[in-house]
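Colleague: Residue numbers (the numbering used here), protein chains in the order written: chain A, 281 to 393; chain B, 2 to 114. Below is a structure I'd like to ask you about.
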Amino acid sequence: AQSVTQLDSQVPVFEEAPVELRCNYSSSVSVYLFWYVQYPNQGLQLLLKYLSGSTLVKGINGFEAEFNKSQTSFHLRKPSVHISDTAEYFCAVSEFGAQKLVFGQGTRLTINP
Amino acid sequence: DSGVTQTPKHLITATGQRVTLRCSPRSGDLSVYWYQQSLDQGLQFLIQYYNGEERAKGNILERFSAQQFPDLHSELNLSSLELGDSALYFCASSPRVVLGEQYFGPGTRLTVT
Chain A
281 AQSVTQLDSQ
291 VPVFEEAPVE
301 LRCNYSSSVS
311 VYLFWYVQYP
321 NQGLQLLLKY
331 LSGSTLVKGI
341 NGFEAEFNKS
351 QTSFHLRKPS
361 VHISDTAEYF
371 CAVSEFGAQK
381 LVFGQGTRLT
391 INP
Chain B
2 DSGVTQTPKH
12 LITATGQRVT
22 LRCSPRSGDL
32 SVYWYQQSLD
42 QGLQFLIQYY
52 NGEERAKGNI
62 LERFSAQQFP
72 DLHSELNLSS
82 LELGDSALYF
92 CASSPRVVLG
102 EQYFGPGTRL
112 TVT
């Protein structure tokens, strides 16, 4: 069965600094990978997804992620964060042909001025 | 706004009671997914319906059931409620039966007292 590990439960950074949120997954078959963001008191919004093709995926709000099959990782990056990026970020995986998303425990990103 | 609506936003009820959560998917989406988000379990997939038929089951308790109606809205029924059922319940929709991008509603916060 697939699983997702988000290595940091909280990441504090200063505004305009770069950030990387780490995600590793475990699966015996090929997978789709996703990053979702949850702003306070809101539902989840898709940031970006990897289904196939280029391993560098660009998403909304200046975020990007790189799929590394050998490392089974899908880390999320942004070169310069803004106060409005304060939120919880969830990495999720789904096996090919599966009907469900398996989520990591989430990483709370806090931006300090 | 994802286009997925959920009612009610908040629900407070007592142990042993039964509640119904409602979800309307995005226009044209045939798949509906239900997720539970709690502090100790994180985000867990409960169940998926596609065009009225159950397609996948996750960690859904026997006390919980769901259905999708001909107009494609879905209801999640939770019965014999326990304190541990207190959580955020999210509905998501997608146009496909096999996993693609999912669009999440704002959630229903259930508090069992």
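In this text, a Cβ means the ideal position worked out from N, Cα and C, and glycines have one as well.
Within the 8 Å Cβ cut-off, does residue 339 of chain A reach chain E?
Modeller: Note that chain E does not occur in the displayed structure, where the protein chains are A and B.
Colleague: Comparing C-alpha positions only, which one of A/288, A/320, A/295 sits nearest to residue 391 of chain A?
Modeller: Among A/288, A/320, A/295, the Cα nearest to that of residue 391 of chain A is on A/295.
Colleague: With 8 Å set as the bound, which would you pick, yes or no: does the beta-carbon of residue 333 of chain A sit closer than that to a beta-carbon of chain B?
Modeller: No, because no Cβ of chain B sits closer than 8 Å to the Cβ of residue 333 of chain A.
Colleague: Using the C-alpha atoms, what's the distance from residue 107 of chain B back to residue 320 of chain A?
Modeller: Between residue 320 of chain A and residue 107 of chain B, the C-alpha separation is close to 11 Å.
Colleague: Short of 8 Å in beta carbon distance, which residues of its chain neighbour residue 311 of chain A, apart from the five on each side in sequence? Order them along the chain.
Modeller: Here the set comprises 282, 305, 373, 374, 375, 376.
Colleague: Grab me the residues of residue 360 of chain A's own chain with a C-beta within less than 6 Å of its C-beta, minus the 5 sequence neighbours each way, in chain order.
Modeller: Cβ within range, chain order: 296.
Colleague: Would you kindly check if the distance between the Cβ of residue 3 of chain B and the Cβ of residue 323 of chain A is under 8 Å?
Modeller: In contact: residue 323 of chain A and residue 3 of chain B (Cβ atoms closer than 8 Å).
Colleague: For residue 15 of chain B and chain A, any beta-carbon pair shorter than 8 Å?
Modeller: False, the Cβ-Cβ gap to chain A never drops below 8 Å.
Colleague: Taking Cβ to Cβ, would you say residue 338 of chain A is nearer than 8 Å to residue 299 of chain A?
Modeller: Not in contact: residue 338 of chain A and residue 299 of chain A (Cβ atoms no closer than 8 Å).
Colleague: Starting from residue 97 of chain B, trace the beta strand (DSSP E) in both directions and tell me its first and last residue.
Modeller: Segment: none, residue 97 of chain B is in no beta strand (DSSP E) and carries neither H nor E.
Colleague: Grab the span of the beta strand (DSSP E) containing residue 331 of chain A for me, first residue to last.
Modeller: First-last for residue 331 of chain A: undefined, no H or E at that position.
Colleague: Would residue 290 of chain A and residue 303 of chain A be called neighbours here (beta carbons separated by less than 8 Å)?
Modeller: Not in contact: residue 290 of chain A and residue 303 of chain A (Cβ atoms no closer than 8 Å).
Colleague: Enumerate in chain order the residues of its own chain whose CB-to-CB distance from residue 369 of chain A is below 7 Å, with the five nearest sequence positions on each side excluded.
Modeller: Counting only Cβ-Cβ distances below 7 Å, and skipping sequence neighbours, we find 301, 315, 317, 356, 386, 387, 389.
Colleague: Would you be able to state if there are at least three C-beta pairs under 8 Å between the segment 40 to 56 of chain B and the segment 15 to 30 of chain B?
Modeller: Result no; under three Cβ-Cβ pairs closer than 8 Å.
Colleague: Do residue 33 of chain B and residue 92 of chain B count as a contact pair if the criterion is CB distance below 8 Å?
Modeller: Going by C-beta atoms, residue 92 of chain B is nearer than 8 Å to residue 33 of chain B.
Colleague: How is the beta strand (DSSP E) around residue 379 of chain A delimited, first residue to last?
Modeller: Element bounds for residue 379 of chain A: n/a, residue is neither H nor E.
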